[in-house]
Amino acid sequence: MGFDPAFALSCVPTILSAIGTTLLVAVVSCFGAATIGFLFEMARRLGGIAGIASGFAIDFIRSTPVLIWLYFLYFVLPFYGIRLGSMTVGIMGLSLYYSGYLAEVFKAGIDAIPKGQPEAARALSLSRRDTVIYVIAPQMMRNIAAPLGNYFVSILKATPYLAVLAVPDMLGRAFDIASETYRYAEPLVVAGLIFLALALLISYGVKRLERRLLAGGTR
0 MGFDPAFALS
10 CVPTILSAIG
20 TTLLVAVVSC
30 FGAATIGFLF
40 EMARRLGGIA
50 GIASGFAIDF
60 IRSTPVLIWL
70 YFLYFVLPFY
80 GIRLGSMTVG
90 IMGLSLYYSG
100 YLAEVFKAGI
110 DAIPKGQPEA
120 ARALSLSRRD
130 TVIYVIAPQM
140 MRNIAAPLGN
150 YFVSILKATP
160 YLAVLAVPDM
170 LGRAFDIASE
180 TYRYAEPLVV
190 AGLIFLALAL
200 LISYGVKRLE
210 RRLLAGGTR
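Residues in the sequence shown are numbered consecutively from 0, following numbering that gives the first Met the number 0.
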């Protein structure tokens, strides 16, 4: 059975109908991963028990497969009376998993800031909160724009994992078509091309943002 372009085109509307779900999961998971990762890194920099616990959590998360997190949240938590919807589990799983990687991105971005900057902030009697918001964060964002964008693309490409939880994303729609027609090549190729187009658009946007941030930092 050869590849049928006409059938592939007929799959496009059905698969595209789930693009909103895919983008929603990717955006919310990226925001969640960035927030948790930043908190992990701030805790690690405090040192002491909080720093040790945060460092262990980061290493533990990065050493486990993403499917383990999804299966644990979806199949294990109900044994303890915690039942979550498949969409919630997918977002939580991706957020937790990528938070470990983004914590390392934040670490590199902060380490790249000249040490004199925080010291100058302390000399001006700025609080830790104000130092983070007004001194560290703006410079850090310029340093991490590119890797953060790359991880957003990675999170987007990881959304098909949610098909195992019956989340109606684009890959889930492609599998629905395949199970009904017993033709897998066409819907999977269409889904793959849409993911490719989205990844290229995001990469282009990240590059433009990075140029704007660098231009702003040189003024």
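Where a beta carbon is used, it is the ideal one built from N, C-alpha and C, also for glycine.
Just so we're clear, the structure is a prediction, and the values are computed from it rather than from any experiment.
(request) Determine the contact status of Phe71 and Ala184, defining contact as a CB-CB distance below 8 Å. (result) no
(request) Buried or exposed for Leu66, please, with buried defined as at least 16 other CB atoms from any protein chain shown within 10 angstroms of its CB. (result) exposed
(message) Suppose contacts are defined by Cβ-Cβ distances below 8 Å. Is Tyr73 in contact with Ser85 by that definition?
(response) yes
(request) Could you tell me the distance, in whole angstroms, from the CA atom of Lys206 to the CA atom of Met140? (result) For Lys206 and Met140, the distance between alpha carbons rounds to 13 Å.
(message) What does the Cβ neighbour count give for Leu58, buried or exposed, with the cut at 16 atoms within 10 Å?
(response) According to the sequence displayed, residue 58 carries Asp and not Leu. It is exposed - the Cβ of Asp58 has fewer than 16 other Cβ atoms within 10 Å.
(request) Pull up the distance between the alpha-carbon of Leu170 and that of Thr158, whole angstroms please. (result) So the alpha carbons of these two residues sit roughly 9 Å apart.
(request) Give the DSSP-derived three-state secondary structure of Val166 in the structure shown. (result) coil
(message) Mapping the DSSP letters down to three states, classify Tyr203 as helix, strand or coil.
(response) helix
(message) For chain D, check one thing: does any of its Cβ atoms lie closer than 8 Å to the Cβ of Arg207?
(response) Considering every chain present, this structure includes no chain D. It has just one protein chain.
(request) Compute the distance between the beta-carbons of Ala144 and Thr130, then report whether it is under 8 Å. (result) no
(request) Work out the CA separation of Lys114 and Phe78 for me, nearest whole Å. (result) 48 Å
(request) Check whether the Cβ atoms of Ala162 and Asp168 sit closer than 8 Å, and answer yes or no. (result) yes
(message) My assumption, with CB atoms under 8 Å, is that Ser28 sits in contact with Ala42. Please give the rounded CB distance.
(response) That belief does not hold up - the Cβ atoms of Ser28 and Ala42 are roughly 21 Å apart, past 8 Å.
(request) Leaving out five residues on either side along the sequence, give the residues of the same chain with a beta carbon under 7 Å from the beta carbon of Glu209. (result) Ala144 and Ala145
(request) Please say whether Leu155 and Ile201 have beta carbons closer to each other than 8 Å? (result) yes
(message) Quick check: the Cα distance between Val75 and Leu164, rounded to an integer number of angstroms?
(response) 13 Å
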